[in-house]
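Protein chains in written order, with the numbering used here: chain A, 1 to 103; chain B, 1001 to 1126; chain C, 2001 to 2554. Structure record follows, encoded as C-alpha cells.
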Ligand SMILES: [Mn+2]
Ligand SMILES: [Mn+2]
C-alpha cells in the first residue's frame, strides 16, 4: 500500500492553485540493481484531479517523471472548503485516491 | 497492462517532432514566445528537475514536456480541461544535459518553447 | 612592514583615500566574500581572468594595466596595488596588509558617521574561509558581523554548515539585528520561501528595498546533502516579481544584494527591470568603476566588491520621486596601515582567537616564493596543495578545486597552520584517491571548463578552473563544451581514454565522498613538515589557445 499524497490547494480570488506530492518509486526501467539486473519499470501512467464533480487536471506520465512526483496546476470553479480529489494509476494497475480540503 | 488511454506510441518517441506526430501533428511544431518554459539553466540534481510550462495561447488543449536526450523523449503529457489554466509544472529526471521542450497543442497546431538544461558534475566555486 | 616614507605619508594618503563627501539621501556600504578573514592579510589579485564571447575584454575581465586603464588609475599607487597583481611583492611590502575586521570597523564607523541612516550590506561567503570559522561553525563571524553592524546579508558558502545551523543563526543570533534575505531559496517540496526575499528600510525619508539573491548554484558547487530540503536557482522571473512587489509596497529605490557573480549580475541587469543597483559578489572581482546596464525599464548600476575584507563599496544614491536622479560609487581598499584598529572589534577578535592561538600559529614550513591562489587556471598555493596530494596520497595526477578564496603569502614568510586552513577550511575537506579512466578525466575538465567559460553567464558557476597536478593539457576557452580541452598528457604521453590513472583530489560534493580519506589540511601539513622549505613553485597551467591579446591576461 502506497503512502498518502500530500496535497496543498489554496484558493485566491476565483482561482485554486494545487500542489501535489505523490509517494511513488517511479522506477525508470533503465536502472540496474546490485546484481546488474535491470529493475523493471514501475511508474504512474495516469493522474487526474476532480473538484465538485469536474476534472480539473488530467495527465499521462512516462518513466522520466521523478521519484515521489510533484505536480502543480491551477483552475477555476473551486473555493475554500471545497474538496479536491487526486487519483493515479500505475503500470502495475495499482491505484490510489486522496482528498484535500481547499484552504 | 498499460493504464487506459496511456499513449504508448507518444511515450516511445525519440524526438520533439515524433512526439508531436504521435499527438496528431501534421506539420512541424513552431517556436512561440507565447509559450513560457520554466526550467533551471543548471540542474541541482538530474533526478529532480523542476520543469514548468505556461501557454498564453488561447484554446491550448494539451501541454507536453519533452526531454530530447532522455531514452523516452516525452516525459509528461497534460490535457487542459476547460476552466484549468494552461500552466503546469512537475519534476523530471534527466540523464544528461539536454534541450527541454514545452509543446502545446492549440487546435490542430503545435507550438514549442525550448531551453537547455545542463546536468553537471558539480564542485568548485567562488 | 612598510617603508618609513610610507608611514609619514600615511595620514595624507588616508585622507585622500577615505574622505568621501556624502552625496544624495540613500547610503549603502557593501562588503562581500570576506571568507572569514578577521585579521589583515596579503591578497594577490589575479593576473588571469579571461572573458569569453561578449564578456571578452569587458569589466570584470580586465587584469593588470588593462584594469587600471579602464578605471583611470595610475600604476604604483595604493589603489593599483589593491586592484591588481602588478609588482605584487614590492607593493605588498610598501602598502602593507589589507582587510581585517578591526580596520574595516573603523572605516565603517567613519562612513556611517557622515551618512545618516547608512546600511551595511554583507553579500555573503562570510562564515567560511578560516580555521576559527570552521572550528566555531561560523560563530566567530556571526559575532563579528553583528559587532561590525551588518544590517542585511545573503549567502553562499555560509550554507555549507547545513540547514539547521543556518536557521539557528538567522532566527536566533540575527533576530532583530541582521536580516538574511534570499528570494531564490525555496523549500524543495512545496516551494515555500526559506528566507525573507527582501526587506524595506526607511532612510532619510526614502523607503529602500534590499532584495537578496543567494548563490544560485550552491547545491551544485557545494554538497547538496548540506541543504537537502532547499532548492536554489537564478529564478529570473521570480526576481522580477519580487522587485515589482517591493515597488508596489512602497519601495522608492530597489537594490539587489547579490551573490550571483558579476557576469550573471550583468545579464540579470539587462533583463530584469526596476532594480536601481546590484551590489554583487561571489566572483571576487574588485571593480573600481560600476557598470551601467540599460534595460527596458531604465538602467541598473552593477558593481562587485572583491573579497577577503579587502574592500568596502560605498554607494550614495540621490532618490527623488521614486527615481534615482544621481549616484556616486567608490570601492575603498581597506589598508590596515592607514586605518587604526577599532578597539572593540580588536578585543572581540582576540577573545575569539585566544583558545586557538597556539594551534593557529604553529609554523609548518617557510616559503621562498609568493604563494597565492587567484587566477583562472592555477596559483602557487594550489600547486603546493596539488604536490602534497600527489606526494602524500601516492597519485600520478591531482585535482584541486578552483576556489577563489584563500590568502597570499610573501617570500620568506612562515607557512603556519592558520595559512593552510585559509586555503582549505571547508565542511567537506576529505581527500579522495580514485582509479579514473582517461575518458573521465577529460569529462571532468570539460565540465568545469564549461562552468567557467560558457558564453551564457547563466550557465556559469563562478569558480575558476580545477587545478591540475601531473597532467598537462591545452585549453581553448572560446571553444564549445567538449572541444575546449585537448592534448592531455602525463609525463609527455597522451592520456588514453580507456586507461586507468591514479587521481587524488579533495572536497568531494557527492554524499559518497563523505570521509573518503583524511582531510586535506592533514595531507598538506604532513607535506609541509617534511619539506620544511618550499622553493618557489611554478604552477602547472594549460597552454592556452585563442586568447592572445585578451586583456584578461596580464
Ligand atoms: Mn566568495
Ligand atoms: Mn561565493
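Glycine is no exception: its CB is placed at the ideal position from the N, C-alpha and C atoms. All values derive from a computational prediction rather than experimental measurement.
Coarse secondary structure for residue i, derived from DSSP in three states
i: residue 2002(C); result: The predicted position of residue 2002(C) is uncertain, since its pLDDT is 46 and thus under 50; a value taken from the coordinates is nonetheless stated next. Residue 2002(C) falls in the coil class under three-state DSSP.
i: residue 1120(B); result: coil
i: residue 2356(C); result: helix
i: residue 2474(C); result: strand
i: residue 2014(C); result: helix
i: residue 2230(C); result: strand
i: residue 2328(C); result: strand
i: residue 2421(C); result: helix
i: residue 12(A); result: strand
i: residue 1033(B); result: coil
i: residue 1115(B); result: strand
i: residue 1961(C); result: For chain C, the structure presents residues 2001 to 2554; residue 1961(C) sits outside this window and is missing.
i: residue 2039(C); result: coil
i: residue 2095(C); result: helix
i: residue 2139(C); result: helix
i: residue 2345(C); result: helix
i: residue 1055(B); result: strand
i: residue 2464(C); result: strand
i: residue 2450(C); result: helix
i: residue 2286(C); result: strand
i: residue 2088(C); result: helix
Residue i at chain C interface by Cβ criterion, 7 Å
i: residue 96(A); result: no
i: residue 1123(B); result: yes
i: residue 1069(B); result: no
i: residue 1118(B); result: yes
i: residue 92(A); result: no
Chain A contact for residue i (CB, 7 Å cutoff)
i: residue 1088(B); result: yes
i: residue 2001(C); result: Its pLDDT being 43, under 50, residue 2001(C) is placed unreliably in this model, and the value from its coordinates should be taken loosely. No, no contact with chain A.
i: residue 1072(B); result: yes
i: residue 1077(B); result: yes
i: residue 1085(B); result: yes
Range covered by the beta strand (DSSP E) that runs through residue i
i: residue 2109(C); result: From DSSP, residue 2109(C) is part of no beta strand (DSSP E) but of the alpha helix (DSSP H) over 2101 to 2113.
i: residue 2201(C); result: 2198 to 2203
i: residue 2526(C); result: Run containing residue 2526(C): none in the beta strand (DSSP E); it sits in the alpha helix (DSSP H), 2520 to 2531.
i: residue 46(A); result: 44 to 51
Boundaries (first-last residue) of the alpha helix (DSSP H) holding residue i
i: residue 1020(B); result: 1016 to 1022
i: residue 2135(C); result: 2131 to 2135
i: residue 2459(C); result: Looking at the DSSP string, residue 2459(C) is not in any alpha helix (DSSP H), and its letter there is neither H nor E.
i: residue 2237(C); result: 2236 to 2248
i: residue 1090(B); result: Note, residue 1090(B): premise wrong, no alpha helix (DSSP H); beta strand (DSSP E) at 1087 to 1092.
i: residue 2079(C); result: 2078 to 2083
i: residue 1009(B); result: 1008 to 1011
Proximity test, Cβ basis, 7 Å: residue i and chain B
i: residue 2509(C); result: yes
i: residue 10(A); result: no
i: residue 2401(C); result: yes
i: residue 2495(C); result: no
i: residue 2352(C); result: no
i: residue 2041(C); result: no
i: residue 59(A); result: yes
Within chain F, partners of residue i - CB distance below 7 Å
i: residue 1092(B); result: The question asks about chain F, but that chain is absent: this structure's protein chains are A, B and C.
* Taking only beta carbons into account, state which residues of the region 17 to 47 of chain A come closer than 7 Å to chain C, listed in chain order. => Within the region 17 to 47 of chain A, 19 and 21 place their CB atoms closer than 7 Å to a CB of chain C, listed in sequence order.
* Asked: What are the residues of the region 1034 to 1061 of chain B that lie near chain C, defined by any Cβ-Cβ distance shorter than 9 Å?
  -> Residues of the region 1034 to 1061 of chain B with a C-beta less than 9 Å from any C-beta of chain C: 1036, 1038, 1040, 1041, 1042, 1043, 1044, 1045, 1048 and 1050, listed in chain order.
* **Residues of the region 2442 to 2467 of chain C whose Cβ lies closer than 7 Å to any Cβ of chain B, in chain order** => Residues 2444, 2447, 2448, 2451, 2458, 2459, 2461, 2462, 2463 and 2466.
* **Residues from the region 2174 to 2199 of chain C in contact with chain A, defined by Cβ distance under 7 Å** => Within the region 2174 to 2199 of chain C, the residues whose Cβ lies closer than 7 Å to some Cβ of chain A are 2189 and 2190, listed in chain order.
* Asked: Does the pairing of the region 2437 to 2453 of chain C with the region 2495 to 2510 of chain C give three or more beta-carbon distances under 8 Å?
  -> Enough Cβ pairs lie closer than 8 Å, so yes.
* Pull out every residue of the region 2228 to 2246 of chain C whose Cβ sits closer than 8 Å to any Cβ of chain B, in chain order. => Result list: 2231, 2232, 2233, 2234 and 2237.
* **Contact between the region 2231 to 2238 of chain C and the region 2278 to 2285 of chain C (3+ Cβ pairs under 8 Å)** => In short, these stretches do not touch, since the Cβ pair count stays below three.
* Asked: With contact counted as at least three CB pairs below 8 Å, one residue from each stretch, are the region 2351 to 2371 of chain C and the region 2415 to 2435 of chain C in contact?
  -> As far as the Cβ criterion goes, the region 2351 to 2371 of chain C touches the region 2415 to 2435 of chain C, which means the pair count is three or higher.
* Asked: Touch check for the region 1102 to 1110 of chain B and the region 81 to 98 of chain A: three-plus C-beta pairs under 8 Å?
  -> No, they do not touch.
* To do: Check whether the region 2127 to 2146 of chain C touches the region 2365 to 2379 of chain C, counting contact only when three or more Cβ pairs, one atom from each stretch, lie closer than 8 Å.
  => No: the two stretches stay apart, fewer than three of their Cβ pairs being nearer than 8 Å.
* Residues of the region 65 to 93 of chain A with Cβ closer than 8 Å to any Cβ of chain B, in chain order -> Within the region 65 to 93 of chain A, the residues whose Cβ lies closer than 8 Å to any Cβ of chain B are, in chain order, 65, 66, 67, 69, 70, 71, 72, 73, 74, 75, 76, 77, 89, 90, 91, 92 and 93.
* Asked: Okay, do the region 60 to 69 of chain A and the region 42 to 49 of chain A touch, 3+ Cβ pairs below 8 Å being the bar?
  -> Yes: at least three Cβ pairs fall under 8 Å.
* Three CB pairs or more closer than 8 Å across the region 2240 to 2248 of chain C and the region 2197 to 2210 of chain C -> Short answer: they touch.
* Asked: Given a limit of 7 Å on CB to CB distance, which residues of the region 2205 to 2229 of chain C reach chain B?
  -> Taking 7 Å as the Cβ-Cβ cut-off against chain B, the residues of the region 2205 to 2229 of chain C that qualify are 2217, 2219, 2220, 2221, 2222 and 2224.
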